[in-house]
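For the record, in the sequence shown the residue sitting at position 14 is 13 according to my numbering, with numbers rising by one throughout. We put the beta carbon where it would ideally sit given N, CA and C, even for glycine. Data block below; observations after.
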Amino acid sequence: MAERIILHIDMDYFFAQIEERDNPRFRGKPVVVGADPKNGSGRGVVSTANYVARKYGIHSALPISKAYQLCPDAIFLPVNMELYQKVSSEIMEIIKKYSSQWEIISLDEAYLDISFSGSYEKAKEIGENLKKEIFEKEKLTATVGVGPNKIVAKIVSEKAKPNGLLVVTQPEAEKFLEPFDIDDLPGVGPKTAEKMRSLGINKIGDIKKLSKEDLINIFGVVGEDFYLRARGIDENPVSSEGVIKSIGRQYTFEKDTRDSKTLFSAFDEMILDVYKELFEAGFNFKTITVVCRFQGFETHTMAKTLKKPTNDLKILKTESKKLLLKFILQNQKLIRLIGVRVSSFS
Ligand code: TTP
Ligand code: MG
């Protein structure tokens, strides 16, 4: 593959930054967006927190009760998804102008293939202009990472956060990656990370202690990806297809429960919401994933991949309920949260 230059852009503390922008009195104070903390007894999680709140140890996915413990005086705000989606689509319209090859990853994150720039200096200029235009139009800061591929560009932007811009070239990539935790390497999930740690692999650089054959023996086909990625090599293209990768909903119960009426009526509501969004997007899905969090935060997911893509509500209902039922039968613990997600769109 010819040498590429890839730009990764990620908005800084996205939901919280929008709230700060719209309420200047919040600036400089800890802001937490997420579930209602209910004076410490709230049961959902933190969506995100601004950098002031992060100094207290508050971060995405932390139980909101814990966030309240860490900083009871923080400004706690509910998730105003409609607003964030609107801002996101405005930002994506700006981003898409900078290259015909773009890939939207989430509400606040995208890749651009800017190989046409021809040099890292030009690429840096493009990144600066993009940041500037977003700030001028939306009054929001973003961080940009520029690298020879998606994996490197993403880790570069993580390093440059917040409101930063950093460039790492192909010859610099391998050394640059070495000190990062293995969790930072895309493709390494919690289970893989645990396995790697048990083998003494804690940093991305440690992966290089194992041969390609060892990695394949231990991790299967993805072992080869780990081998290459640890060396800063990744040939995944920036593809504008599959802009939305999944549609899902989850719900935390007021009280842990095993009451089937409570469980299934919440589940039915989520399925309908997912179906509505799927229908509006005009997608067919192939994979259904159900998540179940039990008392004590123990979380499991189960997925079913269909033989053929579909947008049939009946199939979605039947298959996802089968998965939920499996959870209920396999584990006797009380249930704290359930969720359903469809993916593998066509
Ligand atoms: P991120 O880009 O992961 O986080 P962020 O933009 O808040 O902060 P950073 O400066 O580190 O990029 O996620 C984007 C938004 O997605 C985030 O503002 C809120 C939402 N989100 C959740 O709701 N739950 C989560 O667990 C995560 C990680 C993000
Ligand atoms: Mg972000």
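### Task
Compare the C-alpha of Gln-100 against each of Val-45, Ser-114 and Glu-108 and name the closest.
Ser-114
#### Entry: Cβ-heavy atom distance, Met-10 to the ligand MG, below 8 Å
yes
### Query
Sorted by chain position, which residues of the same chain lie with C-beta nearer than 8 Å to Gly-241's C-beta, five sequence neighbours on each side aside?
Confidence is the limiting factor: at Gly-241 the pLDDT is only 43, short of 50, which leaves the residue's position unreliable, though a coordinate-based value still follows. Cβ neighbours of Gly-241 beyond the five flanking positions: Phe-344.
### Task
Please specify which runs of the beta strand (DSSP E), each continuous and at least 3 residues long, are wholly inside the stretch 17-101, giving them in chain order.
30-33, 45-48 and 74-76
### Query
Mapping DSSP to helix, strand and coil, what is Glu-253?
strand
### Query
Going by the C-beta, is Phe-175 closer than 8 Å to any heavy atom of the ligand MG?
no
### Query
When you compare each of Ile-150, Gly-126, Phe-296 and Pro-29 to Lys-254 by their alpha carbons, which one comes out closest?
Phe-296
### Query
Taking the alpha carbon of Glu-89 as the point to measure from, which residue in Ile-125, Glu-137, Gly-117 and Glu-108 has its own alpha carbon closest?
Glu-137
### Task
Kindly list the residues whose CB is nearer than 8 Å to the CB of Gly-27, restricted to its own chain and excluding five residues on each side of it in sequence; keep chain order.
Val-51
### Task
Could you have a look at Leu-328 and say whether DSSP puts it in helix, strand or coil?
helix
### Query
Regarding Glu-81 and the ligand TTP, is the C-beta to nearest heavy atom distance less than 8 Å?
no
### Message
In this structure, how does DSSP classify Pro-161 when only helix, strand and coil are distinguished?
### Response
coil
### Query
Which same chain residues, not among the five before or five after Val-290, have their C-beta less than 6 Å away from its C-beta?
Thr-300 and Gly-338
### Task
Since I believe Arg-3 is in contact with Asn-148 (beta carbons under 8 Å), could you give me their beta-carbon distance rounded to a whole number of angstroms?
6 Å
### Message
Rounding to the nearest angstrom, what Cα-Cα distance links Lys-346 and Ser-40 in this structure?
### Response
Because residue 346 is not part of the residues shown, which for the chain are 0 to 345, the question remains open.
### Task
Run the CB neighbour count on Met-269, radius 10 Å, all protein chains shown included, and call it buried at 16 or more, exposed below.
buried
#### Entry: Selected residue, minimal CA-CA separation from Gly-146, among Arg-228, Glu-135 and Phe-218
Arg-228
### Task
Can you grab the Cα-Cα spacing for the pair Pro-77 / Lys-131, in whole Å?
29 Å
#### Entry: CA-to-CA distance, Glu-127 to Asp-35, given in whole angstroms
37 Å
### Message
Below 8 Å, is the gap between the Cβ of Glu-137 and the nearest heavy atom of the ligand MG?
### Response
no
### Query
Does the Cβ-Cβ distance between Phe-367 and Val-187 come in under 9 Å?
Residue coverage of the chain in this structure runs from 0 to 345, which leaves residue 367 outside it and unanswerable.
### Message
For Lys-325, which residues in the same chain have their Cβ closer than 8 Å to its Cβ, ignoring the five residues on either side in sequence?
### Response
Met-301
### Message
Considering only heavy atoms of the ligand TTP, does any lie closer than 8 Å to the CB of Glu-127?
### Response
no
### Message
Here's the rule: buried if 16 or more other CB atoms are within 10 angstroms of the residue's CB, otherwise exposed. What is Val-220?
### Response
exposed
### Message
What does DSSP give as the partner residue(s) for Arg-292 in the beta ladder?
### Response
Thr-298 and Leu-336
### Query
Taking buried to mean at least 16 other C-beta atoms within 10 Å of its own C-beta, is Arg-340 buried or exposed?
buried
### Query
Can the beta-carbon of Lys-54 be found closer than 9 Å to that of Pro-29?
yes
### Task
Apply the 10 Å Cβ neighbour rule to Thr-47 and answer buried if 16 or more other Cβ atoms are within range, or exposed otherwise.
buried
### Query
From the DSSP output, which residues share a beta bridge with Ile-8?
Ala-109 and Val-143
### Task
For the alpha helix (DSSP H) holding Glu-223, just list the boundary residues, first then last.
221-228
### Query
Measuring CA to CA, which of Phe-179, Asp-311, Thr-309 and Ile-94 is closest to Ile-133?
Ile-94
### Message
Check this for me: beta carbons of Pro-425 and Lys-211, under 9 Å apart or not?
### Response
Nothing about residue 425 can be reported from this structure: the residues present for the chain run from 0 to 345 only.
### Query
In whole angstroms, what is the alpha-carbon distance linking Gln-331 and Thr-298?
14 Å
### Query
When burial is assigned at 16 or more other CB atoms within 10 Å of the CB, is Met-10 buried or exposed?
buried
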